[in-house]
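*Asks:* If you scroll down you'll find the structure; I have some questions about it.
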Amino acid sequence: MWRVGTVVALHDETATARTITLEVPDWPDHVAGQHVDVRLTASDGYSAVRSYSIASAPNSERRVELTVERLTNGEVSPYLTQQVAVGDRLELRGPIGRWFVWRTQQTEPIQLVAGGSGLVPLMAMIRSRAAAGSTAPFRLLYSVREPGAAFYRGELQALSDLDPSVTLTYAYTRAAPKDWPRPPGRIDATLIAHRTWPSNLVPTCYVCGPTSFVESVSSLLTASGNDPDKIRTERFGPTGERQ
Amino acid sequence: MSIISRGFSGRRSAADVKLPPGQYLTTDFPVLSAGPTPHVPLDRWEFTIDDGTDVLRRWDWKSFRDLPSETITADLHCVTRWSKLGTSWEGVSLDTMLAYVKTDASYALVRSYGDYTTNLPLKDLMNNQAWIAFRFDGKDLAPEHGGPARLLVPHLYLWKSAKWVRGITLMHQDKPGFWESLGYHIYGDPWREQRYSGDE
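From first to last, the protein sequence lines stand for chains F and Y.
Those letters in the first sequence? Residues 1 to 243, by the numbering used here.
Those letters in the second sequence? Residues 1001 to 1200, by the numbering used here.
So this is what it looks like as structure tokens:
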């Protein structure tokens, strides 16, 4: 069940997050939003496993990209973000999960709401939409601490410039860029009202981030008229290491 | 045969702690659920046991809380690989509640507010192995952890301990619940590492 992937590229997204590109010869197709389990094994046989969301769209090159945020006191993420080198082999299991997924057949409006590294599975959805030539209208509301903490900024801007049915809104919680219209703060009802799909369009909402973020955003989405059945969530706690 | 991860040493649990395979120890209480947290007012809360056709027994909050309760100390094992040991709960044993119904069913589908379901053999809900819990660590159970009441069936992975429970449907044939229909194991024994469908 464990597959072996070879690290073919590494790319730092931020000071604490790194994208690892793996080539996995027997990789079956995945669906945007799915995750993998990654297993590290020490020389004495001790092993540790954590789940990471897949960042890449399904592709014919059997490549899988993971973006891993380094957690202070993490057991696996410091290794993946600091020690892994091109050419290393990693064991992984998956793709896993059939709930928090976006399939290219879906045509309804899609509302994505990400907190920090919770963007990763949502990025797979945005990339999958672009790769498939889907015209489903997407909105992303992305909450980050500060400008330097945002993942994939250039690529998101390019995708949105190219296609007006993908819109981006950044919400900064601690420090905003100069002249940013909104003072730093958490996502609130006003932002939900102005920057997410009106609930009468019946969007499917995907919310991913730390537990408190997901709790708060999904309550705001429900309060603004979205049916709880249309809100899918993925949470990670401080020790969950699931992204 | 595993591949050795060059330079990885890892952090091991204390030698005297026995965890199921592939789990690591945590001291906080992470949350995993599929959608928004339902908020169920106690005056509208009810718990029913049915056979798929008829309701066999119904409790409102008051009659449920009038049932004898017990304190439970349990080790929790989540399929996302964290384990938390020695957690403290208060709840009503399902032996107590199932004693009110007569059934020859072999399986149970546990139903939740928010339409979550999970399935398990009925015998796993009996013999002092399963409770409807309403207090955690001496406090009323918080909504994000399943309050007002959740199933506690700690010998299986934690997704079986359905949050926000509203009832149990007794069945003669097994029927996969929510995660069980989405690639997770039909039974979910952490000691046999039954995480995903296809695990033995």
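No residue lacks a Cβ here, since even glycine has one placed at the ideal position from N, Cα and C.
Note that the structure is predicted; figures quoted are calculated from it, not measured.
Excluding sequence positions up to five away, which residues of its chain have a Cβ less than 6 Å from the Cβ of S53 (chain F)?
*Replies:* For the purposes of this step, residue 53 (chain F) is taken as residue 53 along the first sequence, with counting starting at 1. Cβ within range, chain order: H35, V120, P121, Q243.
*Asks:* Name the DSSP bridge partner or partners of R1058 (chain Y)?
*Replies:* Stepping through the second sequence from its first residue, residue 1058 (chain Y) is reached at position 58. R1058 (chain Y) is bridged to Y:T1048.
*Asks:* Does any residue of chain Y bring its CB to less than 8 Å from the CB of P184 (chain F)?
*Replies:* On the first sequence, position 184 is the one that residue 184 (chain F) refers to. Not closer than 8 Å to any Cβ of chain Y, the Cβ of P184 (chain F) fails to qualify, so no.
*Asks:* Name, please, each residue of chain Y whose Cβ falls closer than 7 Å to the Cβ of W102 (chain F).
*Replies:* For the purposes of this step, residue 102 (chain F) is identified with residue 102 of the first sequence, where counting begins at 1. Per Cβ cutoff of 7 Å: no residues; W102 (chain F) is ~15 Å from chain Y at best.
*Asks:* Any beta carbon of chain F sitting closer than 8 Å to that of L1076 (chain Y)?
*Replies:* Here residue 1076 (chain Y) is taken as the residue at index 76 of the second sequence, counted from 1. No, no contact with chain F.
*Asks:* Between E108 (chain F) and chain Y, is any beta-carbon pair separated by less than 8 Å?
*Replies:* Counting from 1 along the first sequence, the entry for residue 108 (chain F) is found at position 108. Answer no: the Cβ-Cβ gap between E108 (chain F) and chain Y never drops below 8 Å.
*Asks:* Hey, out of F:E23, F:A17, F:R3, F:A15, whose CA is closest to D9 (chain F)'s CA?
*Replies:* Position 9 of the first sequence, counted from the start, is the residue given in the question as residue 9 (chain F). The sequence shown places Ala at residue 9 (chain F), not Asp. Nearest of F:E23, F:A17, F:R3, F:A15 to A9 (chain F), Cα basis: F:E23.
*Asks:* In the structure shown, what three-state DSSP assignment does H1185 (chain Y) receive?
*Replies:* Counted from its first residue, the second sequence places residue 1185 (chain Y) at position 185. DSSP places H1185 (chain Y) in coil when its eight states are reduced to three.
*Asks:* Within 10 Å of its beta-carbon, does K1084 (chain Y) have 16 or more other beta-carbons around it, so buried, or fewer, so exposed?
*Replies:* For this step, residue 1084 (chain Y) is matched to residue 84 along the second sequence. When all chains shown are included, K1084 (chain Y) counts as buried.
*Asks:* Any residues in the region 172 to 199 of chain F with a beta carbon nearer than 9 Å to a beta carbon of chain Y? Which ones, in chain order?
*Replies:* Against chain Y - using a Cβ distance shorter than 9 Å - the region 172 to 199 of chain F contributes no residues.
*Asks:* What residue from Y:Y1116, Y:F1134, Y:W1045 has the CA that sits closest to T1169 (chain Y)'s CA?
*Replies:* Within the second sequence, residue 1169 (chain Y) is the residue found at index 169, counting from 1. Considering only alpha carbons, the answer is Y:Y1116.
*Asks:* For a test of the three-state rule: what should DSSP assign to S218 (chain F), helix, strand or coil?
*Replies:* As a position in the first sequence, residue 218 (chain F) is number 218, starting the count at 1. In the structure shown, S218 (chain F) sits in a helix (DSSP, three-state: H, G or I).
*Asks:* Quick check: is the beta carbon of T41 (chain F) nearer than 8 Å to any beta carbon in chain B?
*Replies:* The chain inventory of the structure shown lacks chain B, comprising the protein chains F and Y.
*Asks:* Using 8 Å as the cut-off, can you tell me whether the region 1008 to 1028 of chain Y makes contact with the region 215 to 222 of chain F, which would need three or more C-beta pairs spanning the two stretches below that distance?
*Replies:* Segments in contact, no.
*Asks:* Suppose you measure from the CA of P1154 (chain Y) to the CA of T1037 (chain Y); what does that come to, to the nearest Å?
*Replies:* Here residue 1154 (chain Y) refers to the residue found at position 154 of the second sequence. Here residue 1037 (chain Y) refers to the residue found at position 37 of the second sequence. Near 21 Å, if we compare the C-alpha coordinates of T1037 (chain Y) and P1154 (chain Y).
*Asks:* Please report the straight-line C-alpha distance between L71 (chain F) and T1096 (chain Y), rounded to a whole angstrom.
*Replies:* Here residue 71 (chain F) corresponds to residue number 71 of the first sequence, with the count starting at 1. Here residue 1096 (chain Y) corresponds to residue number 96 of the second sequence, with the count starting at 1. If you take the alpha carbons of L71 (chain F) and T1096 (chain Y), they lie about 44 Å apart.
*Asks:* Classify W1191 (chain Y) as buried or exposed, calling it buried when 16 or more other Cβ atoms lie within 10 Å of its own Cβ.
*Replies:* Indexing the second sequence from 1 puts residue 1191 (chain Y) at position 191. Classification of W1191 (chain Y): exposed, given that the 10 Å Cβ count is below 16.
*Asks:* For S128 (chain F), which residues of its own chain have a beta-carbon under 6 Å away from its beta-carbon, when the five flanking residues on both sides are left out?
*Replies:* For the purposes of this step, residue 128 (chain F) is identified with residue 128 of the first sequence, where counting begins at 1. So the list reads A32, A57, once near-sequence residues are dropped.
*Asks:* With a Cβ-Cβ cutoff of 8 Å, do T196 (chain F) and K230 (chain F) count as a contact?
*Replies:* Residue numbering aside, residue 196 (chain F) sits at position 196 when the first sequence is read from its first letter. Residue numbering aside, residue 230 (chain F) sits at position 230 when the first sequence is read from its first letter. No, they are not a contact pair.
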